[in-house]
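Visitor: Going by this note's numbering, the sequence shown opens with residue 83, and the numbers climb by one from there. Right, I'll just put the structure down here and ask away after.
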Amino acid sequence: MANRSLCVYLHGRYWWTVLLPICVASGLYLFVLHHYQSLSYRDPTSFFFDHSRAYERHYSTRRITESQNFLSASSDAPTPRRLPWEDPILCVGIVTVRRREDQYVGLTLASLLDGLNQSERNNIYINLFFADTDPLQHPAFAEKWAETLPDRLLTYSRDHPEFTKLQAWERDGYYQNKSVNDYKHLMNACYETGAKYIAMIEDDTLAVKGWLGPTLQALNVVEQRTSGHEWIYLRLFYTESLLGWNSEEWPQYLFWSFVVWASSTAAMIAARKWLKAPNLLASSIVWTTMWPIPSGVHVMNKYGCCSQGLIFPHFIIRRVLDLVNSAEDLFVDMMLENIADSEGLSRFAVVPSILQHIGATSSKGYGFDFSATSLWNFRFEEYSPSGI
């Protein structure tokens with residue numbers, strides 16, 4: 083009887099030693115699962131990505147309010163005080179066409195200007211281009227701020243040698259051809275200012291407050307890294323959605339998957355051979371996470387997307403203008419990527435993004451609205467209320 087009681091006692095202790103590690107491991111697993119669900123719901127490359135929460139506006143909501151307030155008080159905005167022989171450091175070109183619903187260009191312009199001091203305002207030259215062949219069709223053209231905030235207001239002249247063709251493209255819905263021609267026209271206007279850099283900004287973007295200083299610092303970093311080499315642009319906006327798995331690179335993924343599998347298998351075999359049993363549980367718990375791209379300036383020759391905000395060095399503009407062809411049925415961003423690939427030019431990006439895309443209706447016309455709403459930089463929403 084005593085022996086039987088002892089057996090039951092030992093049997094109970096055995097199950098306790100088995101169940102305790104299982105319970106601890108299960109609890110730890112649930113904790114880690116919850117932790118990464120809360121941490122990675124905004125990461126489109128993560129298993130825990132939550133579409134219903136990821137697109138919530140946090141910082142951009144505040145920035146829109148600040149930009150609206152700036153427009154309301156635009157008469158008090160600092161005007162540039164630049165001597166006639168002084169070239170600006172940065173020419174900012176914004177091309178805008180009438181959209182079917184909301185017009186965002188005022189918010190874009192205001193977000194770029196709000197927060198600049200007098201010295202910073204002197205360093206930039208803003209070209210605002212109303213690219214409709216009849217600019218009066220654009221609701222923002224008659225706004226007072228459209229006249230007072232930019233350094234120069236541009237429109238197509240009826241004397242333009244391709245004015246009739248531009249009207250036909252506009253009327254018949256050839257958005258690719260028209261948008262490329264608009265881009266070239268504005269880029270050339272910025273080139274003629276003599277600015278060291280040309281920033282081409284789309285009319286449905288929002289700049290973080292304090293954007294200019296970090297942007298100029300990023301350009302200095304690019305110049306240092308490319309000493310003796312040419313580059314085409316610094317990207318101010320990218321979408322993380324395209325930085326995950328890409329089907330065309332499956333051979334690379336297969337190779338590294340095999341390397342990871344082989345390394346893990348070798349490690350487990352070695353652990354089984356050399357480590358004692360009590361250590362196996364501890365050695366089998368591996369925490370792995372995919373860290374986001376660290377802040378700073380990074381080479382981004384692939385998958386950046388799109389053309390919301392690109393800064394070009396002055397020396398590359400003439401070559402780009404010669405190579406961009408409005409007769410091709412390609413959008414601007416695709417054409418620029420083809421040029422960069424064929425010419426072997428490096429592309430860089432600022433992380434986190436300086437700009438956010440806020441457009442819900444595409445300027446490209448019907449059929450592009452879904453992609454417009456999903457074109458998003460998730461880390462932009464994590465900026466502090468004061469901006470950079």
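Ideal placement from N, C-alpha and C gives every residue a C-beta, glycine not left out.
Just to confirm, is the Cβ distance from Asn209 to Val174 under 9 Å?
Guide: As a first step, residue 209 is located in the sequence shown; it is residue number 127 there, counting from the start. As a first step, residue 174 is located in the sequence shown; it is residue number 92 there, counting from the start. Yes, the Cβ-Cβ distance between Asn209 and Val174 is below 9 Å.
Visitor: Could you tell me the distance, in whole angstroms, from the CA atom of Tyr465 to the CA atom of Thr230?
Guide: Taking the first residue of the sequence shown as 1, we reach residue 465 at position 383. Taking the first residue of the sequence shown as 1, we reach residue 230 at position 148. Whole-angstrom Cα-Cα distance: 29 Å.
Visitor: So, for Leu437: in the same chain, excluding its five sequence neighbours on each side, which residues have a beta-carbon less than 7 Å away from its beta-carbon?
Guide: Taking the sequence shown and counting its residues from 1, one reaches residue 437 at position 355. Taken in chain order, the residues that qualify are Thr287, Leu288, Ala289, Leu318, Phe319, Gln390, Gly391.
Visitor: Could you tell me how far apart the beta carbons of Asp285 and Val187 are, in whole angstroms, since I believe they sit closer than 8 Å?
Guide: As a first step, residue 285 is located in the sequence shown; it is residue number 203 there, counting from the start. As a first step, residue 187 is located in the sequence shown; it is residue number 105 there, counting from the start. Confirmed, Cβ separation roughly 4 Å.
Visitor: Just verifying my parser: in three-state terms, what is the DSSP assignment at Cys388?
Guide: Here residue 388 is taken as the residue at index 306 of the sequence shown, counted from 1. Looking at Cys388 - three-state DSSP - the assignment turns out to be coil, as it is neither helix nor strand.
Visitor: Consult DSSP for Thr237 and reduce its assignment to one of helix, strand or coil.
Guide: Within the sequence shown, numbered from 1, the residue matching residue 237 stands at position 155. Of the three classes helix, strand and coil, the one that applies to Thr237 here is strand, per DSSP.
Visitor: For Arg203, which residues in the same chain have their Cβ closer than 6 Å to its Cβ, ignoring the five residues on either side in sequence?
Guide: The residue labelled residue 203 in the question sits at position 121 within the sequence shown. Taken in chain order, the residues that qualify are Pro160, Pro162.
Visitor: Can you say whether Asp158 is buried or exposed, counting buried as having 16 or more other CB atoms within 10 angstroms of its CB?
Guide: Sequence index remark: in the sequence shown, residue 158 carries index 76 (1-based). The residue is exposed, with fewer than 16 neighbouring Cβ atoms inside 10 Å.
Visitor: Tell me Glu138's beta-bridge partners as DSSP assigns them.
Guide: As a position in the sequence shown, residue 138 is number 56, starting the count at 1. Residue pairing of Glu138 in beta bridges, as defined by DSSP: absent, with no partner found.
Visitor: Using DSSP bridges, identify the partner residues of Arg317.
Guide: Here residue 317 is taken as the residue at index 235 of the sequence shown, counted from 1. Note: Arg317 sits in a beta bridge opposite Leu392, Ala431.
Visitor: Spatial neighbours of Leu412 within its chain, please: CB distance less than 7 Å, with the 5 preceding and 5 following residues excluded, ordered by chain position.
Guide: Start at 1 with the first residue of the sequence shown, and residue 412 comes out as number 330. Once the five neighbours on either side are set aside, the close Cβ partners of Leu412 are Gln258.
Visitor: Could you please give the first and the last residue of the uninterrupted beta strand (DSSP E) stretch that includes Gln200?
Guide: Looking up residue 200 in the sequence shown gives position 118. It is not in any beta strand (DSSP E) - Gln200 instead sits in the alpha helix (DSSP H) that spans 200-205.
Visitor: Looking at Ser323 and the ligand MG, is the gap between the Cβ and the nearest heavy atom below 8 Å?
Guide: The model on display carries no ligand, and the ligand MG is accordingly not part of it.
Visitor: Does Val368 come out as helix, strand or coil in the three-state DSSP assignment?
Guide: Numbered from its first residue, the sequence shown carries residue 368 at position 286. Here the model assigns Val368 a pLDDT of 42, short of 50, so the residue's position is not dependable, and the following value carries that caveat. Val368: coil per DSSP, three-state reduction.
Visitor: What is the residue span of the beta strand (DSSP E) that Ile283 lies within?
Guide: Residue 283 sits at position 201 when you count from the first residue of the sequence shown. Its beta strand (DSSP E) spans residues 279-284.
Visitor: For Pro434 and Ser377, I'd like the C-alpha separation in whole angstroms.
Guide: Translated into the one-based positions of the sequence shown, residue 434 becomes position 352. Translated into the one-based positions of the sequence shown, residue 377 becomes position 295. Between Pro434 and Ser377, the C-alpha separation is close to 6 Å.
Visitor: So the beta strand (DSSP E) Gly310 belongs to, where does it begin and stop?
Guide: Your numbering for residue 310 matches position 228 in the sequence shown. According to the DSSP assignment, Gly310 belongs to no beta strand (DSSP E), since it is labelled neither H nor E.
Visitor: Answer yes or no: does any C-beta atom of chain D fall closer than 9 Å to that of Glu225?
Guide: In the structure shown, chain D does not exist; there is a single protein chain.
Visitor: What does a CB cutoff of less than 6 Å around Ala213 pick up in its chain, not counting 5 residues either side in sequence?
Guide: The residue you call residue 213 lines up with position 131 of the sequence shown. Hits under 6 Å: Val177, Val179, Asp264.
Visitor: Tell me which residue opens and which closes the beta strand (DSSP E) that Val379 is part of.
Guide: Your numbering for residue 379 matches position 297 in the sequence shown. Looking at the DSSP string, the run of the beta strand (DSSP E) that includes Val379 is 378-381.
Visitor: Is Asn383 near Ser428, with beta carbons less than 9 Å apart?
Guide: Taking the first residue of the sequence shown as position 1, residue 383 is located at position 301. Taking the first residue of the sequence shown as position 1, residue 428 is located at position 346. Contact flag set, yes.
Visitor: I believe Gly172 touches Ala281 by the beta-carbon criterion, under 8 Å. Please report the beta-carbon distance rounded to the nearest angstrom.
Guide: Start at 1 with the first residue of the sequence shown, and residue 172 comes out as number 90. Start at 1 with the first residue of the sequence shown, and residue 281 comes out as number 199. Residue 172 is actually Leu in this sequence, not Gly. 6 Å between Cβ atoms; contact.
Visitor: State the Cα-Cα distance for the pair Gly295 and Asp254, rounded to the nearest angstrom.
Guide: Locating residue 295 in the sequence shown gives position 213, counting from the first residue. Locating residue 254 in the sequence shown gives position 172, counting from the first residue. Their Cα atoms are separated by approximately 42 Å.
Visitor: In this structure, does DSSP put Asn459 in helix, strand or coil?
Guide: Along the sequence shown, read from residue 1 onward, the residue named residue 459 stands at position 377. Three-state DSSP puts Asn459 in coil, outside helix and strand.
Visitor: Using 8 Å for Cβ pairs, my map puts Ser149 next to Ala192. What's the rounded Cβ distance?
Guide: Working through the sequence shown from its first residue, we reach residue 149 at position 67. Working through the sequence shown from its first residue, we reach residue 192 at position 110. Indeed, because the Cβ distance is near 4 Å, the residues count as touching under 8 Å.
Visitor: Considering only DSSP beta bridges, list what Ile208 is partnered with.
Guide: Reading the sequence shown from its first residue, position 126 is the one you call residue 208. DSSP lists Val174 as partners of Ile208.
Visitor: Determine which residues share a DSSP beta bridge with Ala228 and list them.
Guide: As a working note, residue 228 is residue 146 in the sequence shown. Partner(s): none; Ala228 has no beta bridge.
Visitor: Could you check which residue in Tyr385, Leu194, His311 has the C-alpha nearest to that of Phe397?
Guide: Sequence index remark: in the sequence shown, residue 397 carries index 315 (1-based). With distances taken between Cα atoms, Phe397 lies closest to His311.
Visitor: Reducing DSSP to helix, strand and coil, say where Ser468 ends up.
Guide: Numbered from its first residue, the sequence shown carries residue 468 at position 386. If DSSP states are grouped into helix, strand and coil, Ser468 belongs with coil.
Visitor: Can you tell me whether Leu412 is helix, strand or coil according to DSSP?
Guide: Residue 412 sits at position 330 when you count from the first residue of the sequence shown. Coil at Leu412, not helix or strand.
Visitor: Taking the C-alpha atoms as reference points, what is the distance between Phe462 and Asp241?
Guide: Counting from one through the sequence shown, the residue named residue 462 turns up at place 380. Counting from one through the sequence shown, the residue named residue 241 turns up at place 159. Rounded to the nearest angstrom, the two C-alpha atoms are 42 Å apart.
Visitor: Where does Ala364 land, buried or exposed, given buried means 16+ other C-beta within 10 angstroms?
Guide: Here residue 364 is taken as the residue at index 282 of the sequence shown, counted from 1. Its pLDDT being 43, under 50, Ala364 is placed unreliably by the model, and the measurement read from it follows with that caveat. Burial call: exposed.
Visitor: Note the first and the last residue of the continuous beta strand (DSSP E) segment covering Thr552.
Guide: Only positions 83 to 470 of the chain appear in the structure, and residue 552 is not among them; the question remains open.
Visitor: Is the separation between the beta-carbon of Val406 and that of Ile421 shorter than 9 Å?
Guide: Working through the sequence shown from its first residue, we reach residue 406 at position 324. Working through the sequence shown from its first residue, we reach residue 421 at position 339. Taking 9 Å as the Cβ cut-off, Val406 and Ile421 qualify as a contacting pair.
Visitor: For Thr215, collect the residues of the same chain with a Cβ closer than 6 Å to its Cβ; drop the 5 residues on either side in sequence, then sort them by chain order.
Guide: To locate residue 215, count along the sequence shown from 1; it is residue 133. Excluding residues within five positions, the ones whose Cβ falls inside 6 Å are Tyr238, Leu248, Gln249, Glu252.
Visitor: If I'm right that Ala277 touches Pro170 with Cβ under 8 Å, what's the distance once you round it to whole angstroms?
Guide: Mapped onto the sequence shown, residue 277 falls at position 195. Mapped onto the sequence shown, residue 170 falls at position 88. With a Cβ gap of about 5 Å, Ala277 and Pro170 count as contacting.
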